[in-house]
Ligand code: NAD
């Protein structure tokens, strides 16, 4: 079997067109949809994400505000900054960029964000609503997985709700931002949902669960964790993982860094090429699955669009409550 590619880039372009129309309507109605990021300190990953959000807002025509505090900011100063964003009518959605320095607890920041501006569903109020199957801002990455599935199945003449009811779905990863909320979304669709994680692997039980899955979603952050031997013939596979790796020029093994020799054959990697891969061995699994998302160009391509959709929803709410 050669898997069909679930094309995240094409789906993201469709979404962009749909959302651009909605954004124009909202602007005409007097809304000012925009995102603010909140960064405390100078974490490299948070800084990269901040830049990506700013660029994306520019491309989409969304407003953007950057709130940056020094790494020695007090928790009171951070709370005051969040309150400022809560009060700003040009900020529809607030994205806290973690990690924060130790003196600033995540929970304090998140719980200060107005639930109506919590566009990536971090606030316990919104996560609670998600758990109860009530209307909320669906977290962007898990919602991107559902959106990809929904649109892929629709193109095949199938309905997401019908397909997921009672289906065997396995999620690999149980983080608060991806695996756990995704499992809740799948349960809300009545899928038979199995959640696996590093402790499942540590007991040697990962394959037992993944091999049963008609739908397999992997969000572990481990390059090529899932090979063909862990996948059921004809499964639909969504790969959330984004891993920067160094490929050994001699044996093709994936390494984390150029600084150490290849972990498989000891070759010097200082001149080796880097690339981005998922948690799924795409080439091998494509021979067994019915459909698969690539990395890059799969889930990641759609995630920003889900954030934009939530931002428009937040802007609409704020317009109605004016
Ligand atoms: P995380 O580190 O918070 O969580 C990782 C999860 O994977 C944990 O539940 C852990 O138990 C599990 N895990 C780790 N090693 C495992 C193993 N050997 N076997 C089984 N489970 C294992 O990561 P996260 O924030 O959930 O992100 C996961 C991956 O998804 C990362 O590669 C990240 O870059 C990527 N990501 C992609 C998007 C996107 O838009 N595509 C968004 C967020 C995260």
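Residue numbers (this note's numbering): 827 to 1148. Built from N, CA and C at the ideal position, the CB exists for glycine as well. Please read these numbers as outputs of a predicted model, since none were measured by experiment.
Proximal residues to residue i (C-beta, below 8 Å), its chain only, five neighbours per side dropped
i	result
residue 1123	833, 834, 835
residue 977	837, 840
residue 917	860, 861, 862, 889, 891, 911, 943
residue 955	961, 962
DSSP beta-bridge partners of residue i
i	result
residue 1080	1073
residue 1117	830, 1062
residue 996	1020, 1042
residue 866	895
residue 1052	1106
Cβ neighbours of residue i in the same chain (closer than 6 Å, five flanking residues each side left out)
i	result
residue 883	861, 890
residue 922	864, 935
residue 1033	1056
residue 1071	1049, 1080, 1103
Nearest-angstrom beta carbon gap, residue j and residue i [assumed within contact, 8 Å]
i	j	result
residue 895	residue 907	6 Å
residue 930	residue 995	With a Cβ gap of about 36 Å, residue 930 and residue 995 do not count as contacting.
residue 1015	residue 990	4 Å
residue 1008	residue 997	6 Å
residue 1003	residue 1066	Contact doesn't hold; Cβ gap of about 10 Å is too wide.
residue 897	residue 868	6 Å
Three-way DSSP call (helix, strand, coil) for residue i in this model
i	result
residue 874	helix
residue 861	strand
residue 922	strand
residue 991	coil
residue 1102	strand
residue 1135	helix
residue 851	helix
residue 837	helix
residue 884	helix
residue 889	strand
Own chain, CB closer than 7 Å to residue i, minus 5 neighbours either side, in chain order
i	result
residue 828	1112, 1113
residue 1131	838, 841, 842, 845
residue 856	1145
Would you mind listing the beta strand (DSSP E) stretches within the segment 895-961 that are 3+ residues and don't spill past its ends, in chain order? For the segment 895-961, whole beta strand (DSSP E) runs of length 3 or above, ordered along the chain, are 919-923.
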